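Q: This note's numbering numbers the first residue of the sequence shown as 1 and each following residue consecutively. My questions will all concern the structure given below.
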Amino acid sequence: MSNGPLPSQLYLLPDLALKKEGDKVRFLGCVTSYSSVSGVLTLQHHHQAQDSRCVFALVDVTLVLQTLKSDQIRVGEWVNVIGYITAVNPLPARKGSTGENEVIQARVQTQVRIRALLIWSSGPLDTQRYNDSVNALKSRCSITAPNPTSKNGP
1 MSNGPLPSQL
11 YLLPDLALKK
21 EGDKVRFLGC
31 VTSYSSVSGV
41 LTLQHHHQAQ
51 DSRCVFALVD
61 VTLVLQTLKS
71 DQIRVGEWVN
81 VIGYITAVNP
91 LPARKGSTGE
101 NEVIQARVQT
111 QVRIRALLIW
121 SSGPLDTQRY
131 NDSVNALKSR
141 CSITAPNPTS
151 KNGP
């Protein structure tokens, strides 16, 4: 048995809402804002605009401030993050509008708070291809870890 830290698990940003506090995750997100006062980088996934499930990753970058580069906090940039989930907070549904015709739609919003251990720029990115790759990886690797409390051996 290794004494090192657990590996992170790769997720699409919207799937972080299904995780729990303490999970170590790796994900990709688009910078929507950065607060230098609180040290929080807000990330979102672009394809959520049409989705009723809207997830925001509020990434605490205080542990990586020394290595954080200006392009990693620029609005519109895509960054990779490895870190621990510190909270998952569903928000009440809100009214949305679409163009000239106002349509009332319930949007489930969730804020996932993450303490970043590592952040790096994604560089040029085809987001649809990335999504497809992660989903394909998820379907191939849907092996569950053995339950340590199980009475059945490995």
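Built from N, CA and C at the ideal position, the CB exists for glycine as well. Please read all numbers here as calculations on a predicted model, not as lab measurements.
#1: Near V75, which residues of its chain fall below 8 angstroms by C-beta distance, leaving aside the five closest residues on each side in sequence?
#2: Could you round the C-beta distance between Q72 and F56 to whole angstroms and report it? I think they count as a contact, below 8 angstroms.
#3: Would you kindly work out how many angstroms separate the C-alpha atoms of L58 and Y84, rounded to a whole number?
#4: Can you name, in chain order, every residue of its own chain whose Cβ lies under 6 angstroms from the Cβ of T62, other than the five neighbours on each side?
#5: In chain order, what residues of the same chain lie with their CB nearer than 6 angstroms to the CB of R26, ignoring the 5 residues before and after it?
#6: When the Cα atoms are used, what is the spatial distance from D15 to L65?
#7: Using only the heavy atoms of the ligand FMN, determine whether one of them is closer than 7 angstroms to the beta carbon of C30.
#8: In the DSSP assignment, find the alpha helix (DSSP H) that holds K138 and state where it starts and stops.
#9: Quick one: Cα of N89 to Cα of L41, how far?
#10: How should W78 be labelled, buried or exposed, when 16 other C-beta atoms within 10 angstroms of its C-beta is the threshold for buried?
#11: Can you tell me whether DSSP reads S38 as helix, strand or coil?
#12: Determine the DSSP secondary structure at L118, reduced to helix, strand or coil.
#13: Under the rule that 16 or more other beta-carbon atoms within 10 Å means buried, what is V112, buried or exposed?
A: In terms of the structure at hand:
#1: V31, T32, S33 and Y34
#2: At roughly 17 angstroms, the Cβ-Cβ gap does not stay under 8 angstroms, so Q72 and F56 are not in contact.
#3: 12 angstroms
#4: G39
#5: S8, L10 and I82
#6: 26 angstroms
#7: The ligand FMN is not part of the structure shown, which contains no ligands of any sort.
#8: T127 to R140
#9: 16 angstroms
#10: buried
#11: coil
#12: strand
#13: buried
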